[in-house]
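Take the sequence shown: its letters are residues 572 to 724, numbered as in this note's numbering.
This report concerns only the one structure given below.
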Amino acid sequence: MSSARASTLRPSTLRRLEKAARAAARTSYSPYSKFRVGAAVLTGSGKIYGGANVENASYGLCNCAERTAIFSAAAAGERNLKAVVVYTPTPAPTMPCGACRQVIHEFGSDATVIAICDSAQRVERTLPELLPDAFGPRDLLQASSQSPRRNRR
Ligand code: THU
């Protein structure tokens with residue numbers, strides 16, 4: 572875990588993503604956890620979409636910042652995620668939860684995932700490092716290409 576290792580992203584792109592993730596955290600709706608998370612995603616078209624966590628009195632319905640950002644990109648028609656940056660107001664970086672890793676996989680099976688925080692520490696991983704042997708769209712295609720005979724039951 573370090574800020575010493577150079578990112579695979581261009582420094583200017585990384586700076587834009589970090590700024591967007593920090594700005595998004597300011598819109599967090601987190602009255603229950605008080606954990607204000609911001610995320611920013613870079614799409615194949617070069618655009619950046621931000622998002623914050625949105626909680627609910629029915630706790631199970633809370634949405635993480637990463638998923639808010641990814642869903643806004645997807646709702647704008649984006650289908651290719653290059654990078655995801657998550658910011659937490661903590662001394663050490665916080666990595667995306669399992670559910671968010673799966674949602675990243677849907678649109679960014681090779682995406683770069685970066686966690687930043689209030690110190691200089693930064694963690695950078697690839698999605699396959701965070702979610703090896705992932706289940707995804709290809710697995711369903713494989714099922715639908717089976718012969719009707721084998722699918723009978
Ligand atoms: N949270 C995120 O937004 N992203 C993560 O990667 C981990 C957790 C949010 C969900 C919830 O609103 C709060 O943090 C506490 O779990």
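Here a beta-carbon is modelled for each residue, glycine too, at the ideal position from N, C-alpha and C.
Are there any heavy atoms of ligand 1 lying less than 7 Å away from the beta-carbon of residue i, as far as the coordinates show?
i	result
alanine 596	no
proline 664	no
asparagine 627	no
valine 608	yes
valine 657	yes
proline 602	no
glutamate 637	yes
asparagine 624	yes
cysteine 671	yes
cysteine 668	yes
cysteine 633	yes
Name the residue from the options whose alpha carbon lies nearest to the alpha carbon of residue i.
i	options	result
tyrosine 620	Ser583, Arg638, Pro708 and Met666	Arg638
alanine 644	Ala670, Phe678 and Thr598	Phe678
proline 602	Leu702, Ala595 and Cys633	Cys633
cysteine 688	Arg576, Glu589 and Thr579	Glu589
valine 674	Val694, Ala636 and Ala647	Ala636
glycine 669	Arg607, Pro582, Glu700 and Ser604	Glu700
Within its chain, find whatever has a CB closer than 6 Å to the CB of residue i; leave out the 5 residues flanking it on each side and keep chain order.
i	result
alanine 592	Gly609, Ala610, Ala611, Val656 and Tyr658
arginine 672	Leu701 and Leu702
leucine 725	Outside the shown range of the chain, which is 572 to 724, sits residue 725, and nothing can be said about it.
serine 690	Pro662
For residue i, which residues of its own chain have a beta-carbon under 8 Å away from its beta-carbon, when the five flanking residues on both sides are left out?
i	result
asparagine 651	Thr614, Gly615, Ser616, Phe678 and Gly679
threonine 697	Asp681, Ala682, Thr683 and Val684
tyrosine 600	Ala623, Asn624, Val625 and Glu626
alanine 646	none
Grab me the residues of residue i's own chain with a C-beta within less than 7 Å of its C-beta, minus the 5 sequence neighbours each way, in chain order.
i	result
histidine 676	Leu698, Leu702, Ala705 and Gly707
leucine 580	Ala654 and Thr683
Are at least three pairs of beta-carbons, each pair with one atom in the segment 624-632 and one in the segment 658-665, less than 8 Å apart? no
Extract the residue ranges of the alpha helix (DSSP H) inside the segment 660-686, only unbroken runs of 4 or more that lie entirely within it. 669-678
Of all the alpha helix (DSSP H) runs that stay within the bounds of the segment 579-618, which reach a length of 4 or more residues? 582-596
What are the uninterrupted segments assigned as beta strand (DSSP E) that are 3 or more residues long and contained completely in the segment 621-667, given in chain order? 652-658
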